[in-house]
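Residue numbers (numbering that gives the first Met the number 0), protein chains in the order written: chain P, 0 to 378; chain Y, 0 to 378.
Down below is the structure, laid out as structure tokens.
Protein chains: 2
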Amino acid sequence: MKPSANQLNFSGGPGALPESVLQQLHTAMLCVPETGLSILGISHRSEWFAQVVHELENNIRQLMGLPSSTRVLMMQGGATQQFSMLPMNLLRNGESADYIHSGYWSGKAIHEAEKSGRLQQAWSGKADQFSRLPSDAELALSKDAAYFHYVSNETVEGLQFHRVPGLETVPRICDMSSDLLSAPAEFNRYAMIYAHAQKNIGPAGVTVVILRDDFMNTLPDDLPGFINYHAQADAHSIYNTPPVFAIYSVLLVTRWLRDEIGGLHNMAQRNQAKADCLYQLLDDHADFYRGRAATADRSKMNVVFNLPDAGIEQAFLQAARQAGFSGLNGHRSIGGIRASIYNGLEFAATEHLADFMRQFHKRYRIPATSKPVLSQAYA
Amino acid sequence: MKPSANQLNFSGGPGALPESVLQQLHTAMLCVPETGLSILGISHRSEWFAQVVHELENNIRQLMGLPSSTRVLMMQGGATQQFSMLPMNLLRNGESADYIHSGYWSGKAIHEAEKSGRLQQAWSGKADQFSRLPSDAELALSKDAAYFHYVSNETVEGLQFHRVPGLETVPRICDMSSDLLSAPAEFNRYAMIYAHAQKNIGPAGVTVVILRDDFMNTLPDDLPGFINYHAQADAHSIYNTPPVFAIYSVLLVTRWLRDEIGGLHNMAQRNQAKADCLYQLLDDHADFYRGRAATADRSKMNVVFNLPDAGIEQAFLQAARQAGFSGLNGHRSIGGIRASIYNGLEFAATEHLADFMRQFHKRYRIPATSKPVLSQAYA
């Protein structure tokens, strides 16, 4: 059976969501079964919605193995709002924080945070064009930092930390926007984790923020409500009207992870299989499909590669679109090709893509003595 | 034909949306016709979405009769974020702003704004338990205020300004969260207007912010991006990943207003008819259904009233639920009954409610000499 357009959506984000979640949201648009009302017309102060948030908080704690002494918040404003909220909350009195600059998104985090506080660069991958991640030995970490910040997965460059960097004595804060809930991890080693939903967790418009109680207690409580973690936590994410639809969507994704997938361990196996499928293909045709990331730092979420030149890349993208794939263009900042293989994408989709890439490679003649020429099939 | 649950949804917000919009969103959950993809899996950097925002900005300008020298932004964080952003942008150097305190929501605006700047109270309705709005003569306005702020419609108390208060020489800023796009108004007399979507405009999770260019030019540009109006405007609301679904929903509502309703003049006539239907019923049974707002200040969006005592109010709400109505409970801060009759609610629904209220009044025996007793029908 030919997969649907949604099933072949390799978008870097907002990304594909699981088919069964989309089906439930399709129904909920007209009628949420328990309420009889459209999800868009239900009060955020209803008993039903309080229960949605309650279950969602618990599902996330359960999936991630977090103790009850952890707050789980649903906020607005994306990771970008968190970029600023961190220094606005933690660097008000001249303190300094350590940041790893490992790619486009950690660069954005630094750019925003610098407007509100003093930062130290623990490492930068700029000299290597963000093609690899640092070793522990390369990190310049301060014992006195107010916090240490990094991005676990760089979606643009396709780099992912496969260990937990940083000192245990400094609050560790991680932007896991593009890999939270994609695999188990030592989540209890973090003071704070945040992730916008639109990769693995739900639609754009809601951000999951997880705070350990002991860290939360160090945060100020005199900031305006919309940037006050205490106010948001005390209100269980209903300080003011929250994005009801987006939060309900995230609830359905956590149920899917728990009941259909069977938890993060199983999710990680599926994601590993998808990544293996595509990276194996890159390695088998390394002269043609040129992986961007250092092998040890390859992302299991974003497979980023180049073709021999920009003209061939355009031909590849055009042929891919014609074959039913979408979202394969690289990030606008660096171009190239990017296959994002978030939780919602099925293994079969990566097999389809690998087949397509093998065919594209075959049909593409590279005469030994001249510039590559498109075969008729892709001219 | 018996109306659906969505058609009898009198929720104070998130409120009922038009049936034809819900149908299109139902379809878009699986496939937006122009793209073939679920609305939840479409990139915010796609051509398609840029066009969505472009059309939406223009639709709002056209519906409201705004000149092209007006910015139309879609932001996150609700009106609550705007409550704080105003002083954070405009009162940084010790300036003061004038605020009218006319009810629950203007009180919230003041509560949040006070955390970030100096405010003067232009008038307070507290002594009258927020049962009426001020005359122009009662307003204590400063010529030197950085801006003047009020809430056009108080949803909790059912009060609505039917004129434009404030000095023409001071930037006028209005929270129109609960009546924007419900009727025409002299919108060009405002420096800034904002409104969260979840009453008349769309689902929770997006806020419409309208800024006149001359006012925009007075705002600082060195704030972090998420609270920087310049950054948001320059990026046409795509500074970072916006709430794609919510914005698309608002686009569909503006198309509905333009194409199915025929503009704000027609919308106002429909809303007037709904309000007349319910207020006439209150006036006809003024001893039993006791309207909360002074007659001259009655809201055309929220019809708020009490019954003879709290026990009867509970019986009313229970009977209403059994009859298929939802969302009629008053705001948790004051109790009582509230019928919210936003754009998406059809006139027929108010007729159904009026019929129900007439029947409830009839069946409810009030013996001349004793406490009111429920008849069997509603016991």
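Each residue gets a CB set at the ideal place from its N, CA and C atoms; glycine is no exception.
Residue i versus residue j - alpha carbon distance
i	j	result
Y/S248	P/P202	14 Å
P/T217	Y/M215	37 Å
Y/A136	Y/T240	46 Å
P/H144	P/Q159	Residue identity differs from the one stated: residue 144 of chain P is Ala in this sequence, not His. Cα-Cα distance, rounded: 24 Å.
P/K142	Y/M175	49 Å
P/D282	P/W255	33 Å
Y/R23	Y/V252	Correcting the residue identity first, residue 23 of chain Y is Gln in this sequence and not Arg. Going by the C-alpha atoms only, they are around 10 Å apart.
P/S298	P/A184	15 Å
Y/V302	Y/R337	6 Å
Y/I311	Y/A126	27 Å
P/E111	Y/Y238	12 Å
Y/Q6	Y/G323	10 Å
P/L85	Y/F355	53 Å
P/I109	Y/D213	32 Å
Y/Y193	P/F48	26 Å
Y/L180	Y/R60	11 Å
Y/G224	Y/V51	22 Å
P/L138	P/A121	5 Å
Y/R269	Y/F304	21 Å
Y/A4	P/P164	53 Å
P/L55	P/W104	27 Å
P/A234	P/L222	15 Å
Option nearest residue i by Cα separation, candidates the options
i	options	result
P/A15	P/F346, P/Y363, P/I340	P/I340
P/P17	P/H360, P/D354, P/A348	P/A348
P/S151	P/K1, P/D286, P/E56, P/M191	P/M191
P/N8	P/L344, P/F359, P/A196	P/L344
P/L210	P/A126, P/Y189, P/W122, P/D221	P/Y189
Y/N265	Y/M356, Y/K1, Y/L62	Y/L62
P/L263	P/E54, P/N342, P/F129	P/N342
P/E350	P/V303, P/D275, P/I99, P/G329	P/D275
Y/Q279	Y/E259, Y/G165, Y/G310, Y/R357	Y/R357
P/Q271	P/L138, P/H161, P/F48	P/H161
P/M300	P/A309, P/F346, P/A319, P/A121	P/F346
P/I260	P/A4, P/K1, P/G11, P/V20	P/V20
Y/A245	Y/I200, Y/G224, Y/P223	Y/I200
Y/G116	Y/I99, Y/S83, Y/Y103	Y/S83
P/D220	P/Q120, P/R91, P/S134	P/R91
Y/F129	Y/Y363, Y/D296, Y/S325, Y/A319	Y/D296
P/L327	P/A4, P/P2, P/S3, P/S10	P/S10
P/E94	P/L138, P/Q81, P/F304, P/E113	P/E113
P/A232	P/C173, P/N187, P/K107, P/S68	P/S68
Y/A319	Y/F359, Y/A309, Y/G329	Y/F359
Y/H53	Y/L250, Y/A309, Y/F287, Y/L306	Y/L250
For residue j and residue i, believed in contact at Cβ under 8 Å, the rounded distance
i	j	result
P/Y146	P/S101	Actually they do not touch by this definition, with Cβ atoms about 17 Å apart.
Y/L277	Y/A353	6 Å
Y/L72	Y/S236	5 Å
P/A96	P/L118	6 Å
P/L39	Y/P13	6 Å
P/N57	P/R257	Not quite, the Cβ-Cβ distance comes to about 10 Å (not below 8 Å), so this is no contact.
Exposure of residue i, with buried meaning 16 or more beta-carbon neighbours within 10 Å
i	result
P/Q375	Residue placement at P/Q375 is poorly supported in this model, since its pLDDT is 42, which falls under 50; the coordinates are not used for a value here.
Y/G124	buried
Y/K273	buried
P/K361	exposed
Y/P242	buried
P/H195	buried
Y/K198	buried
Y/R70	buried
P/V372	Any reading at P/V372 is ruled out, since the residue's pLDDT is 46, under 50, leaving its predicted position unreliable.
P/A285	exposed
Y/Q321	exposed
Y/S369	With a pLDDT of only 48 at Y/S369, under 50, the local geometry of the prediction cannot be trusted, and no value is derived from it.
Proximity test, residue i beta-carbon vs the ligand ATP heavy atom, cut-off 7 Å
i	result
Y/L251	As for the ligand ATP, it is missing from this structure, which has no ligand bound.
Contact between the region 40-53 of chain P and the region 152-167 of chain P (3+ Cβ pairs under 8 Å): Verdict: no, contact absent.
Three-pair Cβ contact test at 8 Å for the region 71-82 of chain P versus the region 191-208 of chain P: Below 8 Å, enough C-beta pairs join the region 71-82 of chain P and the region 191-208 of chain P to call them touching: three or more.
Touching by the beta-carbon criterion (3+ pairs, under 8 Å), the region 331-346 of chain P and the region 289-306 of chain P: Below 8 Å, enough C-beta pairs join the region 331-346 of chain P and the region 289-306 of chain P to call them touching: three or more.
The region 309-329 of chain Y in contact with the region 166-178 of chain Y per 3-pair CB rule at 8 Å: Contact between the region 309-329 of chain Y and the region 166-178 of chain Y is absent: fewer than 3 CB-CB pairs across the two stretches fall below 8 Å.
Inter-stretch contact (C-beta, 8 Å, three-pair minimum) for the region 226-237 of chain Y and the region 26-35 of chain Y: Taking 8 Å as the limit for Cβ pairs, the verdict is that the region 26-35 of chain Y does not touch the region 226-237 of chain Y.
Cβ-based contacts, 8 Å cut-off: residues of the region 238-251 of chain Y near chain C: Although the question refers to chain C, the structure presented lacks it and instead comprises the protein chains P and Y.
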